[in-house]
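Numbering-wise (the numbering used here), the sequence shown opens with residue -16 and increments by one.
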Amino acid sequence: GIVASRLKDKFNKPAIVLGFDGDQGKGSGRSVAGFDLGFAIQRLQREGLIQKGGGHKMAAGLSLTKEQLYPAMNRLCELAKKEEFMDPEAQKVLVDGVLFIGGVNIGLIDELENCGPFGSAIREPKFAFCDVSLSFTKRVGENHLKVRFSDDSGKTMDAICFRAFEGNLGQALTEHCGKKAHLLGKLDVNHWQGRKSPQLIIEDAAWPEEL
């Protein structure tokens, strides 16, 4: 489920991850808005293409044999291609608000956390910071990237981009250090040496001069 969720987030398309023990396979999937994965999996079962399966709009599980694998996945792709999430317009990111660095504090983050728990029914809020300057980037571990950005008033904020180098985002952020950027992500509290400070968990970025 975790791997399927990461693939779904990376490619913005439904993803299913399967594992086989001999001829028998089991797996789980995660979907995106616009495609009812649970219904599709149940349909595969009704059509005899998998042994069993079920779930809800955003997540599902299934079991099947190796012989069923390709017919079932081909049929699932046929069902997915009919849905509107395949339209490029559906790739737009929903933003809950545009923030200024000076407006972010621990109290705000605590208030947002009290709106949870977050999940498929209530998604965690995402915010944009527009026309900020990337003043510092540093690779952390194998795939993460530490970032610091500032606004025109000189206020700064730290950020972290997890698994940044599994795709293109880490390299792009590094190459744009010293330049303007639009950043999108979730607010979080960074705990370091007994101190707490706001930070942004970066999920995406865009470059004003290229828009």
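Glycine included, C-beta positions come from ideal geometry on N, C-alpha and C.
The structure presented is a predicted model; accordingly, all values stated were derived computationally and were not measured.
Starting from F112, trace the beta strand (DSSP E) both ways and give me its first and last residue. Locating residue 112 in the sequence shown gives position 129, where the first residue counts as 1. F110 to V123 is the extent of the beta strand (DSSP E) around F112.
DSSP puts Q182 in a beta bridge; with which residues? Translated into positions along the sequence shown, residue 182 becomes position 199. Under the DSSP definition of a beta bridge, Q182 partners with D141 and D171.
What does the alpha-carbon distance come out to for the pair Q28 and L47? Start at 1 with the first residue of the sequence shown, and residue 28 comes out as number 45. Start at 1 with the first residue of the sequence shown, and residue 47 comes out as number 64. The alpha-carbon separation between Q28 and L47 amounts to approximately 9 angstroms.
For S(-12) and R13, I'd like the C-alpha separation in whole angstroms. The sequence position of residue -12 within the sequence shown is 5, counting from 1. The sequence position of residue 13 within the sequence shown is 30, counting from 1. If you take the alpha carbons of S(-12) and R13, they lie about 6 angstroms apart.
Please determine, among D4, P100, K121 and L82, the residue with the shortest C-alpha to C-alpha distance to C160. Within the sequence shown, the letter at position 177 stands for residue 160. Selected option, being the one with the closest Cα: K121.
Looking at the unbroken alpha helix (DSSP H) that takes in K(-9), where does it start and where does it end? The residue you call residue -9 lines up with position 8 of the sequence shown. I(-15) to F(-6) is the extent of the alpha helix (DSSP H) around K(-9).
Beta-bridge partners of Q7, as assigned by DSSP: Taking the sequence shown and counting its residues from 1, the one referred to as residue 7 is at position 24. Bridge partners of Q7: D4 and T48.
Near K169, which residues of its chain fall below 8 angstroms by C-beta distance, leaving aside the five closest residues on each side in sequence? The residue given as residue 169 occupies position 186 in the sequence shown. Excluding residues within five positions, the ones whose Cβ falls inside 8 angstroms are E107, P108, K109, F110, L183, I184 and E186.
Tell me whether D114 is buried or exposed, calling it buried when 16 or more other Cβ atoms sit within 10 Å of its Cβ. Looking up residue 114 in the sequence shown gives position 131. Here D114 is exposed. Its C-beta has fewer than 16 other C-beta atoms within 10 Å.
Less than 8 angstroms separating the beta-carbons of K138 and G85? Walking along the sequence shown from the start, residue 138 turns up at place 155. Walking along the sequence shown from the start, residue 85 turns up at place 102. In this structure, G85 lies closer than 8 angstroms to K138 by Cβ.
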